[in-house]
Structure formats: structure tokens, C-alpha cells
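Trainee: Every number in this note's numbering is 169 more than the matching position in the sequence shown, counting from 1.
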Amino acid sequence: MADMDQAAGEQQQQQQQEQEQPAPLGAPSLFLQKILGKKVQVRLSSGVDYRGILSCLDGYMNIAMEGCEELVDGQVKHTYGDTFIRGNNVLYIESV
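Laid out in C-alpha cells, this is it:
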């Protein structure tokens, strides 16, 4: 019984350590690193696009952009300086 408790504890500890580690560097991570500092277009789940210079993003896909334009149906509706977009709203990011 003690062996099972110890094994379960070790397994739980290993799972916790894996969750705390950053994601391995794969294709999406490489793409995001390459487009930092470049002009991108971000599509939100609402269908609105934002175009500007990608200045920062984190593991939650929170995005900071500079010189940002808001586009609705392909037309510029607003222009912003610095913009922050919460990652849970992001549908995709593309380089332009």
C-alpha cells in the first residue's frame, strides 16, 4: 500500500513539473519568434483584424502591438498607438 502511495505521489509530482515547464520549441514557437518586431495581422474570434508591429507576446498568446490599425471588413476603422490584446480573443496571427 505504501509503495502505491509513493508511486502515485511521484507521478503527481512529475505531472506538476511538466506543467510548470515551458512548451518545447516547435514550429509555432519558431514562427512567433521570427515575427517579433515585424508587421503582423491578428484576427480575433469576433472577426475584427488588428494590423501593426508585434512588439511582445507571452505563453497565453497575450499580444502587444505598436502602430496598430483596427480593420473591419478590410477597412481601417481606428488607429491606435500601443495596443494590448488578450490571448483568449486571438483566432490567428499572420505575417504581412
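All C-beta atoms, glycine included, are put in the ideal place defined by N, C-alpha and C. This one's a predicted model, so the numbers in the text were calculated from it and none came from an experiment.
Quick check on K246: does DSSP put it in helix, strand or coil?
Mentor: Three-state DSSP puts K246 in a strand.
Trainee: According to DSSP, Q210 sits in a beta bridge with which residue or residues?
Mentor: The partner list for Q210 (beta bridge, DSSP) reads R220 and E263.
Trainee: Taking the alpha-carbon positions, what's the D251 to E179 distance?
Mentor: About 46 Å.
Trainee: Going by alpha carbons, who is nearest to D227 out of S264, E263 and L205?
Mentor: With distances taken between Cα atoms, D227 lies closest to L205.
Trainee: Can you list, in chain order, the residues of its chain whose CB lies under 7 Å from that of L260, leaving out five sequence neighbours each side?
Mentor: These residues qualify, in order along the chain: R212, L213 and S214.
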